[in-house]
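Position one of the sequence shown corresponds to residue 1 (the UniProt record's numbering), numbered consecutively onward.
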Amino acid sequence: MENTLSAMDSLVHGSNTLFILMGAILVLAMHAGFAFLEVGTVRHKNQVNALSKILSDFAVSALVYFFVGYWIAYGVSFLQPAAVLAGDHGYALVKCFFLLTFAAAIPAIISGGIAERARFVPQLCATALIVAFIYPFYEGVVWNGNLGLQAWLQARFGAPFHDFAGSVVVHAMGGWLALAAVLLLGARRGRYRDGRLVAFAPSSIPFLALGSWILIIGWFGFNVMSAQTLQGVSGLVAINSLMAMVGGTLSALVAGRNDPGFLHNGPLAGLVAVCAGSDLMHPIGALATGLVAGGLFVWCFTAAQNRWKIDDVLGVWPLHGLCGVWGGIACGVFGQAALGGLGGVSLVSQLLGSLAGVLLALAGGFVVYGLIRALFGLRLNHEQEFQGADLALHRIGATSQD
């Protein structure tokens, strides 16, 4: 009997380790999606820079999160003998790997907003500070109960802030950090002339679409495997993710008047928004969440570029920042049992938790990017920006005519 129990325990830990490892791999693959979405959206002279930023940011994120960020969020350090770390099939290590891929999404999101005019090394410095300190601070508050905010919300409003897969913790955080960086950088040269927007056409719609599809596929690892154990996996999360993706696609298709850029970002808007409540909502609620998110993205991207003169290249603030906040709120609406959800969620807690994430991200973004701008400078000089970051920084173009 003892041997049987030991074997069963080993099987459970092994299955959970494999499950979350598969999730980590899927979310890691999403970073290729971030890369190609940016490559297809920026002008040809900045494609190499886009690819280089995403990979370099991931490497820096991995180091600082493993040694600092994960400890801040969860109080866990890996400075122990390998024999200790390998316990339970190394589940604790793979869990860190999985959550690391979430943390590294923050600079990948920011990269799209500041594209075509940000300096390379200063952005890596910003990545290190954000992933080591700012993101894990909020992550720990929400997902580990640090500082007692969740306990206070539970006692005061009947439920803690619920964010199953990171609508606010990951996406809104990345989007509002990006807004601070974009505002401090200013618009690309030539983007506005005599107060009017000058169109900078995407360099490659096929690459943009490829990036979108990679992200869509990886998102099912992002959402479904946020359960973190095989016992906790739910088909409800999968179908809700699908319905929100479809809703965002159709909404952006209509609101964007067949524009392929809006069309391929629409599903991402829906998926961003459904992360928070994907484990609670009825599929019809998830569809409604995606429909609103797709339209919200199109309207806010257009307004930001044309009316508010915010040169956010990939629209990461409306896509991740605003749709992420909508996701936090939508969880409090469509997660209610009265609307077909599983219940156990408070709209007031969702509002307060989302607001806290926005304020922290904005403040942290202005502090980090403001400090780096003052010390080192954030922006390429006029000649480098005109030449393009590929030749100016990496000394090679994306393609060769030879």
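Heads up, the beta-carbon is just placed ideally off N, CA and C, and yes, glycines get one too.
Alpha carbon of proline 267 to alpha carbon of serine 6, nearest angstrom: Roughly 44 angstroms separates the two Cα atoms.
Are the beta-carbon atoms of leucine 230 and phenylalanine 19 separated by less than 8 angstroms? yes
Local conformation of alanine 118 per DSSP, three classes: strand
Tell me which residue opens and which closes the alpha helix (DSSP H) that histidine 382 is part of. DSSP places histidine 382 in the uninterrupted alpha helix (DSSP H) bounded by 382-387.
My output table needs one value for arginine 193: the three-state DSSP class, helix, strand or coil. strand
Report the rounded CA-to-CA distance for alanine 24 versus glycine 295, giving the unit in angstroms. 30 angstroms
Going by C-alpha distance, which of Ala105, Ser52, Val224, Val182 is nearest valine 233? Nearest option by C-alpha distance: Val224.
Reduced DSSP category for arginine 379 - H, G, I as helix; E, B as strand; rest coil: strand
Residue from Asn306, Asp279, Ser278, Val274 whose Cα sits closest to the Cα of valine 292: Val274
Proline 81 by DSSP, collapsed to three states: which one? Coil, per DSSP.
Do you know offhand how far glycine 328's Cα is from threonine 4's? One C-alpha to the other measures close to 44 angstroms.
Output needed for glycine 248: all residues of its chain with C-beta closer than 6 angstroms, excluding positions within five of it in sequence on either side, in chain order. Gly266, Pro267, Ala269, Gly270, Gly290, Ala293, Gly294
Rank Ser10, Ala244, Arg307 by C-alpha distance to the C-alpha of alanine 286 and give the top, closest one. Ala244
Do the CB positions of glycine 107 and valine 131 come within less than 8 angstroms of each other? Reading the sequence as shown, one finds proline at residue 107 and not glycine. Against a cut-off of 8 angstroms, the Cβ pair of valine 131 and proline 107 comes out as a contact.
Under 8 angstroms, do glutamine 350 and glycine 321 count as touching if we go by C-beta distance? No.
Determine the DSSP secondary structure at residue 414, reduced to helix, strand or coil. As displayed, the chain neither begins before 1 nor continues past 402, which places residue 414 out of reach and without an answer.
Taking the alpha carbon of threonine 101 as the reference point, which residue from Ser251, Gly221, Leu391, Phe376 has its own alpha carbon closest? Gly221
Starting from alanine 105, follow the alpha helix (DSSP H) in both directions and report where the run begins and ends. Counting along the chain, alanine 105 sits inside the alpha helix (DSSP H) bounded by residues 91-113.
Host alpha helix (DSSP H) of residue 491 (start-end): The chain is shown only over 1 to 402; residue 491 falls outside these bounds and no answer can be derived.
Taking DSSP as the reference, what is the three-state secondary structure of proline 160? In the structure shown, proline 160 sits in coil (DSSP, three-state: anything other than H, G, I, E or B).
Under a three-way DSSP split, which group does methionine 281 fall into? coil
One question on the structure: do alanine 252 and phenylalanine 262 come within less than 8 angstroms of each other, judged by their Cβ atoms? Against a cut-off of 8 angstroms, the Cβ pair of phenylalanine 262 and alanine 252 comes out as a contact.
Candidates Gly364, Ala238, Arg117, of which the one nearest leucine 391 by Cα: Measuring from the Cα of leucine 391, the nearest candidate turns out to be Arg117.
Closest to leucine 359 by C-alpha separation, out of Ser346, Phe137, Pro202, would be which residue? Phe137
Measuring alpha carbon to alpha carbon, tell me which of Ala105, Val39, Arg191 ends up nearest serine 61. Ala105
Decide yes or no for the touch test of the region 194-214 against the region 380-391: beta carbon pairs closer than 8 angstroms, at least 3 of them. no
Classify glutamine 336 as helix, strand or coil using the three-state DSSP reduction. Note: glutamine 336 maps to coil in three-state DSSP.
So valine 313 packs on glycine 175, CB below 8 angstroms; how close in whole Å? 13 angstroms between Cβ atoms; not a contact.
What does the alpha-carbon distance come out to for the pair glutamine 123 and phenylalanine 301? 23 angstroms
What is the residue span of the alpha helix (DSSP H) that isoleucine 239 lies within? 235-255
Below 8 angstroms between beta carbons: does that hold for phenylalanine 207 and phenylalanine 34? no
Using 8 angstroms as the cut-off, can you tell me whether the region 179-197 makes contact with the region 209-221, which would need three or more C-beta pairs spanning the two stretches below that distance? no
Would you call the CB atoms of residue 457 and glycine 341 closer than 8 angstroms? This structure does not reach residue 457, given that the chain is present from 1 up to 402, and the question cannot be answered.
Over what stretch of residues does the alpha helix (DSSP H) that includes methionine 173 continue unbroken? 173-185
Should tryptophan 308 go down as buried or exposed, given a rule of 16 or more other Cβ atoms within 10 Å for buried? exposed
Rounded straight-line distance, which links the Cα of tryptophan 326 to that of histidine 171: 11 angstroms
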